[in-house]
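Reviewing the structure listed below.
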Amino acid sequence: TVIVNNAPNVSVGQSSLIIDEDGVATTSIILSQTKSDGSSADLSLLTLSGVSDSQTIVPNGNILFGGSAGTRSVAIVPAADAFGVVKVTITATDSTGLSSTPQVINLTIRSVEDSPTISVKKSGASGTKWSGNTITADEDANPVPDPKTSSGLIEVSVSDALFETSASQLVVTATSGNTTLVPNSAIELASVGDGSTRSLKITPVANKSGTATITVSVKDTSSLAAVTTTFDLAITSLNDTPTINSLSPIT
15 TVIVNNAPNV
25 SVGQSSLIID
35 EDGVATTSII
45 LSQTKSDGSS
55 ADLSLLTLSG
65 VSDSQTIVPN
75 GNILFGGSAG
85 TRSVAIVPAA
95 DAFGVVKVTI
105 TATDSTGLSS
115 TPQVINLTIR
125 SVEDSPTISV
135 KKSGASGTKW
145 SGNTITADED
155 ANPVPDPKTS
165 SGLIEVSVSD
175 ALFETSASQL
185 VVTATSGNTT
195 LVPNSAIELA
205 SVGDGSTRSL
215 KITPVANKSG
225 TATITVSVKD
235 TSSLAAVTTT
245 FDLAITSLND
255 TPTINSLSPI
265 T
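Numbers 15 to 265, taken from the working numbering, label the letters of the sequence shown in order.
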């Protein structure tokens with residue numbers, strides 16, 4: 015009598031899973047397989063495969079299996095910022111090519127508000143005033159220039175993931191860490207174009223030099239905390255033209 019394998023069986027621990035956006039869904043998998051004589055087959059030879067019905071939300075390569083023999087597990091990793099409902103089909107196949115009845119995991123990924131992003135536009139091109147995270151300007155610069163930006167001023171880029179909040183609705187603020195050199199009131203913000211770029215018109219106090227750390231924050235319409243970035247503004251001291259007072263006539 016020729017002893018052959020029967021088709022393997024797959025049992026998933028949870029057939030419905032709910033996670034938040036950017037989370038990972040996991041559940042256990044139990045495998046079994048018998049032979050035609052009623053004995054157990056070698057479960058270590060079973061191979062698991064997973065197929066998603068939405069490659070945009072969960073690519074097949076993001077269905078990861080672990081464990082060994084009859085005790086396995088699956089971790090389903092959605093694409094970054096993806097959400098929605100996905101069906102993941104799990105199948106076990108033995109070394110002879112026999113496959114189990116597919117088992118389906120229904121995965122719901124709930125959308126979560128993402129924090130906006132902000133970054134300083136720092137050009138490395140010739141003529142720029144940037145060195146690392148520091149921009150330099152001469153004393154009495156009015157305002158501090160950045161000749162490599164569209165506005166000729168220091169600029170920051172702001173955005174919100176998946177356009178949850180439009181760029182024009184993002185609230186941007188800026189403060190100075192050295193108000194003797196740069197008062198907060200001396201930093202004027204303006205939108206450039208669609209609002210994804212904001213210019214900073216910074217006017218240091220006359221006849222002052224030194225360094226001020228500028229903190230720029232962006233907040234969207236959610237309850238999430240603001241996101242910040244910083245850069246240093248270094249004002250270089252210059253010699254001022256000497257003055258002379260008029261003298262009274264000598265009699």
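All residues carry an ideal CB built from backbone N, CA and C; glycine is no exception.
Nothing here was measured: the structure is a model prediction, and the numbers come from that model.
Relative to the C-alpha of residue i, which candidate in the options has its C-alpha closest?
| i | options | result |
| --- | --- | --- |
| Val230 | Asn221, Ser237, Ile71, Phe245 | Phe245 |
| Ala220 | Gly191, Asn253, Ile228 | Asn253 |
| Ile44 | Ser87, Val99, Thr217 | Ser87 |
| Ser224 | Val38, Pro263, Asn192, Ile119 | For clarity, residue 224 is Gly in the given sequence; the question names Ser instead. That would be Asn192, whose Cα lies nearest to the Cα of Gly224. |
| Ser171 | Glu202, Ser165, Lys135, Asn147 | Lys135 |
| Gly75 | Ser109, Ala83, Val65 | Val65 |
| Thr194 | Ala226, Gly27, Lys215, Ser180 | Ala226 |
Below 8 Å on the Cβ atoms is my contact criterion, and I expect residue i with residue j to pass it. Report the Cβ-Cβ distance as a whole number of Å.
| i | j | result |
| --- | --- | --- |
| Ala204 | Ser210 | About 13 Å; that fails the 8 Å criterion. |
| Asp128 | Asp95 | 7 Å |
| Arg124 | Asp34 | 5 Å |
Please report the residue range of the beta strand (DSSP E) in which residue i lies.
| i | result |
| --- | --- |
| Phe245 | 241 to 250 |
| Lys233 | 224 to 233 |
| Lys143 | Premise fails: Lys143 is in no beta strand (DSSP E) and is neither H nor E. |
| Ile33 | 30 to 34 |
| Gln117 | 117 to 124 |
Helix, strand or coil for residue i, going by three-state DSSP, please let me know.
| i | result |
| --- | --- |
| Asn292 | The shown model of the chain, from 15 to 265, leaves out residue 292, and the question about it has no answer. |
| Ser54 | strand |
| Gln183 | helix |
| Ser199 | helix |
| Ala3 | This structure cannot settle anything about residue 3, because the visible part of the chain is limited to 15 through 265. |
| Ala175 | helix |
| Leu9 | Residue 9 lies beyond the stretch modelled for the chain, which goes from 15 to 265, so this question has no answer here. |
| Leu167 | strand |
| Leu60 | coil |
| Ser260 | coil |
Inset, instruction - Examine the Cβ distances between the region 179 to 188 and the region 103 to 120 and report whether three or more of them are shorter than 8 Å. - result: As far as the Cβ criterion goes, the region 179 to 188 does not touch the region 103 to 120, which means the pair count is below three.
Inset, instruction - Please determine if the region 50 to 67 and the region 147 to 163 are in contact, where contact requires at least 3 C-beta pairs separated by less than 8 Å. - result: No, because fewer than three Cβ pairs between the region 50 to 67 and the region 147 to 163 fall closer than 8 Å, the two stretches do not touch.
Inset, instruction - Check whether the region 69 to 78 touches the region 16 to 28, counting contact only when three or more Cβ pairs, one atom from each stretch, lie closer than 8 Å. - result: no
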